[in-house]
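Q: Provided herewith is a single structure, encoded as structure tokens, for subsequent inquiry.
Protein chains in written order, with this note's numbering: chain A, 1 to 319; chain B, 1001 to 1333; chain C, 2001 to 2277.
Here it is, written out as structure tokens:
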């Protein structure tokens, strides 16, 4: 490439292509810088200041006080303040983690079942696949509204069904009740996202060669055993990727909770509480600190997952 | 139209060298075939000449001009790919005209050149079709037509026949040979792993092995005077017989080579054994005779098959047709 | 057939039925409700009893909802156009050109697509205020780039990678520059992929809520998800379920139709963005 004895002044093919690649990538990278890197940096900066919504440029640097600060009163009593000792924040963290783990687990298991059903040959398979795409296509807000109508305490069809079936003996305010609000959120999320999971798993299943099953059947292996010994290991990579995508989605959940169970401490997630502080409560800097923490938690999670994934890959390669 | 010189051309991907220093002159108007087993670097060498891959070190000269750093379109080459590589969304006419359109030639000139090439290849009735409406053979003609329209100094073929079925392959091979006669000023370089294609098409053949040139010469030179065991074994069908041990020692060499048509059936000869298998090809027949060497000797006999499996034969090499090789695989002459 | 096989068959179809009913029922019930008015709204009906378009009239003759629909269409369309425009060239570079740091760049783009939106909310808020875009459609078009662009780049890169190398090489020999290769050779081959990616990005933008809620402040600049979330009656106790369901059906039916038409392509796009990641 560094050959200057060339008789022509033009660029070599790789040079020409790399230069073009640079100009092709530059606009996209600039756009991503503007909407991702720069705002993220500013959010982190705001979290270290006392900026308010009404005075975005008047903030002063206050170090980590939004996260944790210690003040000793004249009486000698020590007061800790900041997000890290805020019970509301830890409640939100707990809610988010609980929601994510339970919803992703349920969606993976149900998604696996649906995918196995769709992977079988039967009449009307196309229709079933179309049917399960419907929840996925419905906007989250709309599904939240539909379900909050169905879960309505007075006129909701769910209460009606359960009463008729004798499962419950009085109407339940599913979304308002502290004990059931999380279950309601989980129900709607599972309804809406299981199809996505099922389709990803189905794609993995369809990559498993058919003759493996036939060989197993000829050998007389029980179908359940085939599933655990053959199918599951083969679709594991697809499953791992699907799970992490869903997990990241679940950890940042906002809209469903915000609309289905507004202002319920039982379901408030990290994103909800951060936005509340940022915009509604005029604690802009405090909300920024919580946003930053959410970002940090997600980053650690991703790093851990990739790291553990690698360990696993090495284990597989050694077999 | 171009004389091509390669001077110590090398290609490395990172630390792995795949072309390990090639010196080669290709004459103006010559039909040169690169042949060798898969992975020998023949396709890479073609791509270095085309400019699709960058030469790591060494010089590539077209008519005395160093073209290492020229982009493919400035080298005056045209290339026919194994998969035809036609633009699927363009009609045949546009496929052939695309290069000239990009070069901003006048519409009249483009039309004249495309029509001329289409006539030459008898595809002028297909110009309005899309590639997917053509048969494999027709697609390959369009790919060749597209190359002709570029009016190249050098024509490059990258295994152009390997996607065609056997019958079509022979027919298209003939057409490429005819094309070479019509365009006798254009240098052609042709890559194949099929030594029959190489023998039938080439003015000269370059045999590659493991990134190095094994031998360059006319088909008959390679056939009659192979420079190594490798070339001797690679060129010719059926494969040359190789004898080792006491068979070779009798002639003062490590390995003794003899082509199947150079073995006579005699009343009493140095090699004796039973026929273990016989193949009748109609015009001639192959006898596989177990004489006690590593593999049965293949003997090619003209006419109909008369011998039977189990018959014992005595064999002798024809005069002057033995190839003797030393321990390193080099010929002893 | 023995009894066990028949029982298995019945169980299988029962499972299929459960899946289908569970998937479709909420949407079905929303439609049923949207046609009910007055007291009909407050009786639980499993089957449609009324066919009354009053709720639709209420929503569509309202001052703002048609405007909200227009906003959503405009914003989602512009978002898709920008994302595809930037992504096509970028994905060519990522899929087809060898350069140092390519793998790292792809990982970065994937990482951005996983960004929690709340983490950039404060910074974006400031940027949008600074640019004077607050409470305009452009605020949303700009901010939606954060999730549509990485996604389109990623999916188009996987599609672009699958195009045959020899076609590109033939174009190079023909003298095509990278720009010509993209516009005259690859784009015509990529139409199906563009439709899929565009559609998925459109759905993403159409459904977005957090940014739309935060970066708009007046009823006329809202998008439909925010408008539906904010639909309220005269008092807190009196939620207008009929109109809400009508509005929900209005914004969902086009999506459902699109999704059903492009079913196969969407599945391909989702898996290209997911599994191969």
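Glycine included, C-beta positions come from ideal geometry on N, C-alpha and C.
All values derive from a computational prediction rather than experimental measurement.
Could you tell me the distance, in whole angstroms, from the CA atom of residue 240 of chain A to the CA atom of residue 1211 of chain B?
A: Numbered from 1 along the first chain, position 240 holds the residue referred to as residue 240 of chain A. Numbered from 1 along the second chain, position 211 holds the residue referred to as residue 1211 of chain B. Rounded to the nearest angstrom, the two C-alpha atoms are 42 angstroms apart.
Q: At 7 angstroms on the CB atoms, spell out the chain C contacts of residue 1099 of chain B, in chain order.
A: Stepping through the second chain from its first residue, residue 1099 of chain B is reached at position 99. Simply 2174 and 2175.
Q: Does the beta-carbon of residue 1277 of chain B have 16 or more other beta-carbons within 10 angstroms, so that it is buried, or is it exposed?
A: Position 277 of the second chain, counting from 1, holds the residue named residue 1277 of chain B. So residue 1277 of chain B ends up on the exposed side.
Q: Tell me the start and end of each unbroken alpha helix (DSSP H) in the stretch 254–289 of chain A that is at least 4 residues and wholly inside, in chain order.
A: 255–260 and 270–275
Q: Using DSSP bridges, identify the partner residues of residue 1060 of chain B.
A: Position 60 of the second chain holds residue 1060 of chain B. BP columns for residue 1060 of chain B point to B:1006.
Q: With distances taken from CA atoms, which of A:258, A:247 and A:209 is nearest residue 235 of chain A?
A: Looking up residue 235 of chain A in the first chain gives position 235. That would be A:209, whose Cα lies nearest to the Cα of residue 235 of chain A.
Q: Reducing DSSP to helix, strand and coil, say where residue 173 of chain A ends up.
A: By 1-based counting over the first chain, the position of residue 173 of chain A is 173. Three-state result, residue 173 of chain A: coil.
Q: Which residues, taken in chain order from the stretch 2187–2208 of chain C, show a beta carbon closer than 9 angstroms to some beta carbon of chain A?
A: 2203, 2206, 2207 and 2208
Q: Would you mind giving the Cβ-Cβ distance between residue 1214 of chain B and residue 1228 of chain B, rounded to the nearest angstrom? I have them listed as a contact below 8 angstroms.
A: Counted from its first residue, the second chain places residue 1214 of chain B at position 214. Counted from its first residue, the second chain places residue 1228 of chain B at position 228. Residue 1214 of chain B to residue 1228 of chain B, Cβ: 6 angstroms. Contact.
Q: How far does the beta strand (DSSP E) with residue 57 of chain A in it extend, from its first residue to its last?
A: The count along the first chain starts at 1 and reaches residue 57 of chain A at position 57. Per DSSP, residue 57 of chain A belongs to no beta strand (DSSP E) and is neither H nor E.
Q: Examine chain C for any beta-carbon lying closer than 7 angstroms to the beta-carbon of residue 160 of chain A, and answer yes or no.
A: Taking the first chain and counting its residues from 1, the one referred to as residue 160 of chain A is at position 160. Closer than 7 angstroms to some Cβ of chain C, the Cβ of residue 160 of chain A qualifies, so yes.
Q: As a quick exercise: from A:106, A:13, A:72 and A:75, pick the residue whose alpha carbon is nearest that of residue 1069 of chain B.
A: Against the second chain, residue 1069 of chain B aligns to sequence position 69. Looking at the Cα atoms, A:13 is the closest of the given residues.
Q: On the DSSP letters alone, give me the boundaries of the beta strand (DSSP E) that residue 1190 of chain B sits inside.
A: For this step, residue 1190 of chain B is matched to residue 190 along the second chain. Per DSSP, the unbroken beta strand (DSSP E) holding residue 1190 of chain B starts and ends at 1187–1192.
Q: Counting only beta-carbon atoms, is residue 1081 of chain B nearer than 7 angstroms to chain C?
A: Within the second chain, the letter at position 81 stands for residue 1081 of chain B. Taking Cβ atoms only, chain C reaches closer than 7 angstroms to residue 1081 of chain B, which makes this a yes.
Q: Touching or not, the stretch 1064–1078 of chain B and the stretch 1017–1033 of chain B, by the rule of three or more beta carbon pairs under 8 angstroms?
A: no
Q: Are the CB atoms of residue 1156 of chain B and residue 1050 of chain B within a distance shorter than 7 angstroms?
A: Along the second chain, read from residue 1 onward, the residue named residue 1050 of chain B stands at position 50. Along the second chain, read from residue 1 onward, the residue named residue 1156 of chain B stands at position 156. Yes.
Q: If we ignore side chains and look at the alpha-carbon of each, how far apart do residue 4 of chain A and residue 2096 of chain C end up?
A: Sequence index remark: in the first chain, residue 4 of chain A carries index 4 (1-based). Sequence index remark: in the third chain, residue 2096 of chain C carries index 96 (1-based). Low per-residue confidence applies at residue 4 of chain A: pLDDT is 39, beneath 50, and the placement is therefore not dependable enough to give any value.
Q: Using three-state DSSP, classify residue 1052 of chain B as helix, strand or coil.
A: Looking up residue 1052 of chain B in the second chain gives position 52. In the structure shown, residue 1052 of chain B sits in coil (DSSP, three-state: anything other than H, G, I, E or B).
Q: Is the separation between the beta-carbon of residue 61 of chain A and that of residue 49 of chain A shorter than 7 angstroms?
A: On the first chain, residue 61 of chain A is found 61 positions in, with the first residue counted as 1. On the first chain, residue 49 of chain A is found 49 positions in, with the first residue counted as 1. The answer is yes: Cβ separation under 7 angstroms.
Q: Could you check if residue 95 of chain A is buried or exposed, using at least 16 other CB atoms within 10 Å of its CB as the buried criterion?
A: Within the first chain, numbered from 1, the residue matching residue 95 of chain A stands at position 95. Classification for residue 95 of chain A: buried.
Q: Write down the C-beta distance between residue 1079 of chain B and residue 2173 of chain C rounded to the nearest angstrom, noting that I regard them as a contact closer than 8 angstroms.
A: Position 79 of the second chain, counted from the first residue, corresponds to residue 1079 of chain B. Position 173 of the third chain, counted from the first residue, corresponds to residue 2173 of chain C. At roughly 5 angstroms, the Cβ-Cβ gap stays under 8 angstroms, so residue 1079 of chain B and residue 2173 of chain C are in contact.
Q: When the cut-off is 7 angstroms and only beta carbons count, does residue 2218 of chain C lie next to chain A?
A: The residue labelled residue 2218 of chain C in the question sits at position 218 within the third chain. No, residue 2218 of chain C lies away from the interface with chain A (no Cβ there is under 7 angstroms from its Cβ).
Q: Strictly below 9 angstroms CB to CB, what residues from chain B border residue 2249 of chain C?
A: Along the third chain, one-based indexing puts residue 2249 of chain C at 249. Near residue 2249 of chain C there are no residues of chain B at all, since even the closest Cβ is about 40 angstroms away, more than 9 angstroms.
Q: For the alpha helix (DSSP H) containing residue 1302 of chain B, name the first residue and the last one.
A: Numbered from its first residue, the second chain carries residue 1302 of chain B at position 302. Here residue 1302 of chain B belongs to no alpha helix (DSSP H); instead the beta strand (DSSP E) covers 1297–1302.
Q: So does the stretch 2153–2162 of chain C actually touch the stretch 2077–2092 of chain C, counting three or more Cβ pairs closer than 8 angstroms?
A: yes
Q: Using a Cβ-Cβ distance cut-off of 7 angstroms, determine whether residue 2107 of chain C contacts chain A.
A: Residue mapping note: residue 2107 of chain C aligns to position 107 of the third chain, counting from 1. Chain A, which has no Cβ nearer than 7 angstroms to the Cβ of residue 2107 of chain C, makes this no.
Q: Any residues in the stretch 2100–2128 of chain C with a beta carbon nearer than 7 angstroms to a beta carbon of chain A? Which ones, in chain order?
A: 2112, 2114, 2115, 2116, 2117, 2118, 2119, 2120, 2121, 2122, 2123, 2124, 2126 and 2127
Q: For residue 182 of chain A, which residues from the same chain have a beta carbon less than 6 angstroms from its beta carbon, with the 5 sequence-adjacent residues on both sides left out?
A: Numbered from its first residue, the first chain carries residue 182 of chain A at position 182. 266 and 267, listed in sequence order.
Q: For the stretch 1039–1046 of chain B against the stretch 1234–1250 of chain B, do three or more pairs of beta-carbon atoms, one drawn from each stretch, fall closer than 8 angstroms, so that the two count as touching?
A: The stretch 1039–1046 of chain B makes no contact with the stretch 1234–1250 of chain B, as fewer than three CB pairs between them are under 8 angstroms.
Q: Given that residue 16 of chain A touches chain B, what residues does it touch there, using C-beta distances under 7 angstroms?
A: What you label residue 16 of chain A is simply residue 16 of the first chain in a count that begins at 1. Near residue 16 of chain A (Cβ distances below 7 angstroms), the residues of chain B are 1071.
Q: Relative to the alpha-carbon of residue 2249 of chain C, which residue among C:2005, C:2185, C:2055 and C:2017 has its alpha-carbon at the smallest distance?
A: As a first step, residue 2249 of chain C must be located in the third chain, where it is residue number 249. Selected option, being the one with the closest Cα: C:2055.
Q: What is the residue span of the alpha helix (DSSP H) that residue 2157 of chain C lies within?
A: Numbered from its first residue, the third chain carries residue 2157 of chain C at position 157. Start and end: 2137–2161.
Q: What would DSSP say about residue 1121 of chain B, mapped onto helix, strand or coil?
A: Taking the first residue of the second chain as 1, we reach residue 1121 of chain B at position 121. In the structure shown, residue 1121 of chain B sits in coil (DSSP, three-state: anything other than H, G, I, E or B).
Q: Exposed or buried, what is residue 211 of chain A when buried is set at 16 or more other beta-carbons lying within 10 Å of its beta-carbon?
A: Against the first chain, residue 211 of chain A aligns to sequence position 211. Classification of residue 211 of chain A: exposed, given that the 10 Å Cβ count is below 16.
Q: Using 7 angstroms as the limit for Cβ to Cβ distance, is residue 2095 of chain C near chain B?
A: Residue 2095 of chain C sits at position 95 when you count from the first residue of the third chain. Answer no: the Cβ-Cβ gap between residue 2095 of chain C and chain B never drops below 7 angstroms.
Q: Around the C-beta of residue 2065 of chain C, are 16 or more other C-beta atoms found within 10 angstroms, so that it is buried, or is it exposed?
A: Your numbering for residue 2065 of chain C matches position 65 in the third chain. Buried, by the Cβ-count rule.
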